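First to last, the sequence lines map onto chains A and B. Last residue of the first sequence? That's 283 in numbering that gives the first Met the number 0, and every number before it is there in order. Last residue of the second sequence? That's 228 in numbering that gives the first Met the number 0, and every number before it is there in order. Glycine included, every Cβ here is placed at the ideal spot set by N, Cα and C. Note that the coordinates shown come from a computational prediction; the quantities given were computed from them, not determined experimentally. Everything on this sheet refers to the single structure shown next.
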Amino acid sequence: MDNLVVQSLGVLGSAALLALITVGLAVSFGLMRIVNLAHGEFIMLGAYAAMVTADHELPWLAGLAAATAVGLAVGSLTEVALIRRLYRSPELSILGTFGLSIVVRQLVELAFGKQYRNVANPMPGAVELLGVSFPAYRLLLIAIAVGVLALVLAALRLTPLGLRVRAVAADADLAETLGVRSQRLNLAVFAGSAALAGLAGALVAPLVNVQPDMGVDYLFGAFLGVIVAGSRLGAVVVACLAIATVQNIMTFFTDPMLGRLSALALAFVVLQARRRAAFGEATA
Amino acid sequence: MSARAAGGLAVRGLRAAYAQAPVLFGVDLQVAPSEVVALLGRNGAGKTTLVNTIAGTLAAAGGTVALDGADVTHWPPSRRHRHGLRVVRQDRPVFADISVRDNLRLAGAQPAAAAALFGFLADRGQQLAGTLSGGEQKMLAIARVLMAPGAVCLFDEPTEGLQPANVDRFTAGARAAAAAGRAVLVVEQHLEAALSVADRWYLMERGEIVDGGPVTADTADHVADRLAP
């Protein structure tokens, strides 16, 4: 029973963090058809921002704010300098953002070196929950990730800006003829997506080794999340929960490699089922 | 006459192409404020291409488009919208995965006003637009244009799939828009509906305007003869 509670909290933590990383990626893909292979580097930059603020003995919350701001700034710059030249071309966006990811990693290596660094845990210790002891910082991470995710999804569902995002994602030409400035919206969404990735990087920084290639680890799960969720934003949370559940359980009972392969198999099964459903609809 | 001089919609020598294939060959067309103009022609004459080029979703290869005196030829569609252009497209006129109410909100149209034009919209606000029938989707798109402010209205095949009573509601709405000073262009294959609402007409063939004039008692027969195989 204790193991079940610990595992469930672990799954919840992984899923919340994954969803935070994936939701921005999913919105940019739905809006611009951009396959952003540099998304992991935005996470890494957020972790380094948290590390630098911690090195300067600034409060932990300042690290979160700095990471979000760095993500926002780098995302804006990337959209203006690169992404808007690659709209609606997944092939070009793969090449362009892959190149960008290499450049960003090299720049960080030049600035901070290759070796890994650690960020102090801002909330060490454990708390008792449902009769088991669970790391306090992981609970805080879950609360922040779930809160931010709820805000993002609510903004997309309930605000005029969210309505415009959904309209451009559905039909950019029609949205434009209704006065929606899609290019400006694309900039806001891409920068927001990078800001969320930066925030996620700062949140995981106290739990992992901060190093230039750390973002790659998160890209795998995030892309599986986008693939499983498709263009439905609400499905991102469900997809991330399913992926985290499968991956964590398999990792617990076997090893991390089989955990990843299981998540990949889940994505494959969902895609096949979706194809069958679409084919069935088309021929019905 | 310069395109800049005219109010409403003024199209001069407009050319457009899909890939390298030319579709419009120097179209001249004008719709003055308070006027309803019908654009007629067979399938494939280039009517929808003309609408898309005026809307800005297809780039012009030459010529000019002016809205209320401003040359908008190289403006993006969103800027044309802010300058008063309202469009109902023939294909995919609404956002299927967005509710009826939000489809109206996006265009700045009041749901209550839209429901006054087409009553079924009153109690379908929460429904996804994609679950409406084809005719209902067209009515939603028409209401979105007629019930929001804007100097120039373009309707591409607005009566396609509509019941006769709803065709009458559309024509009454289009006439009311013209009476309020708006310029209205109705692209139609359905001769009777188009000529019942229009003050003037143009006939398009193979990407060019080949005929036109004021609507008179003889117009329907004249155009039908031109359209006969």
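Contact list for residue i against chain B, beta-carbon separation under 7 Å
i                     : result
residue 179 (chain A) : 77
9 Å Cβ cut-off: residues of chain A touching residue i
i                     : result
residue 106 (chain B) : 177, 178
residue 56 (chain B)  : 172, 173, 175, 176
residue 112 (chain B) : The premise fails here: residue 112 (chain B) is roughly 16 Å from chain A at the closest Cβ pair, so nothing lies under 9 Å.
Three-state class that DSSP yields for residue i in the structure shown
i                     : result
residue 217 (chain B) : coil
residue 19 (chain B)  : coil
residue 169 (chain B) : helix
residue 130 (chain B) : helix
residue 254 (chain A) : coil
residue 138 (chain B) : helix
residue 228 (chain B) : coil
residue 108 (chain B) : coil
residue 201 (chain B) : strand
residue 249 (chain B) : The question about residue 249 (chain B) has no answer, for chain B in this structure spans 0 to 228.
residue 211 (chain B) : strand
residue 92 (chain B)  : coil
residue 175 (chain A) : helix
residue 67 (chain B)  : coil
residue 191 (chain B) : helix
residue 18 (chain A)  : helix
residue 222 (chain A) : helix
residue 24 (chain B)  : strand
residue 36 (chain B)  : strand
residue 154 (chain B) : strand
residue 44 (chain B)  : coil
residue 6 (chain A)   : helix
residue 179 (chain B) : coil
residue 57 (chain B)  : coil
residue 37 (chain A)  : coil
Contact set between residue i and chain A, taken where Cβ atoms lie within less than 7 Å
i                    : result
residue 91 (chain B) : 170, 173
Residue burial classification, residue i (beta-carbon count within 10 angstroms, cutoff 16)
i                     : result
residue 249 (chain A) : buried
residue 100 (chain A) : buried
residue 92 (chain B)  : buried
residue 155 (chain B) : buried
residue 36 (chain A)  : buried
residue 90 (chain A)  : exposed
residue 42 (chain B)  : exposed
residue 158 (chain B) : buried
residue 113 (chain A) : exposed
residue 19 (chain B)  : exposed
residue 135 (chain B) : buried
residue 60 (chain A)  : exposed
residue 180 (chain A) : buried
residue 17 (chain B)  : exposed
residue 170 (chain A) : buried
residue 115 (chain A) : exposed
residue 256 (chain A) : exposed
Chain-ordered neighbours of residue i on chain A, where CB pairs are closer than 8 Å
i                    : result
residue 86 (chain B) : 176
residue 80 (chain B) : 175, 176, 177, 178
Beta-carbon contacts of residue i that lie in its chain and below 7 Å, excluding the five residues immediately before and after
i                     : result
residue 9 (chain A)   : 247
residue 139 (chain B) : 93, 99, 102, 120, 128, 131
residue 205 (chain A) : 118, 119, 120, 121, 136
residue 219 (chain A) : 259
residue 47 (chain A)  : 107, 111, 209
residue 137 (chain B) : 92, 157, 159, 160, 161
residue 213 (chain A) : 43, 46, 207
Chain-ordered neighbours of residue i on chain B, where CB pairs are closer than 9 Å
i                     : result
residue 165 (chain A) : 94, 96, 97, 101
Own chain, CB closer than 8 Å to residue i, minus 5 neighbours either side, in chain order
i                     : result
residue 31 (chain B)  : 5, 6, 7, 182
residue 141 (chain B) : 87, 116, 117, 154, 157, 169, 172
residue 208 (chain B) : 26, 27, 28, 201, 202
residue 44 (chain B)  : 203, 204, 205, 206
residue 197 (chain B) : 35, 36, 37, 185, 214
residue 147 (chain A) : 19, 195, 198
Interface partners of residue i on chain B, CB under 8 Å
i                     : result
residue 162 (chain A) : 97, 101, 104, 105
Residue i Cβ short of 8 Å to the ligand FMN heavy atom set
i                     : result
residue 104 (chain B) : The model on display carries no ligand, and the ligand FMN is accordingly not part of it.
Residues near residue i in its chain [Cβ-Cβ closer than 6 Å; skip 5 each side]
i                     : result
residue 124 (chain A) : 135
residue 110 (chain B) : 100, 103, 124
Would the region 223-243 of chain A and the region 40-53 of chain A be scored as touching if the rule is three or more Cβ pairs under 8 Å? no
Touch check for the region 151-160 of chain A and the region 79-91 of chain B: three-plus C-beta pairs under 8 Å?
no
Original post:
Counting Cβ pairs, one atom from each stretch, are 3 or more of them under 8 Å apart for the region 45-56 of chain B and the region 147-167 of chain B?
Top reply: yes
- Hey, is the region 17-31 of chain B in contact with the region 268-279 of chain A, meaning 3+ C-beta pairs nearer than 8 Å? no
Counting Cβ pairs, one atom from each stretch, are 3 or more of them under 8 Å apart for the region 206-222 of chain B and the region 57-77 of chain B?
no
Would you be able to state if there are at least three C-beta pairs under 8 Å between the region 104-116 of chain A and the region 224-235 of chain A? no
*asked:* Whether or not the region 184-192 of chain A and the region 48-66 of chain A are in contact is what I'm after, with contact meaning three or more pairs of Cβ atoms, one per stretch, closer than 8 Å; do they touch?
replied: no
| Do the region 65-82 of chain A and the region 168-178 of chain A touch if we need at least three Cβ pairs shorter than 8 Å? | no
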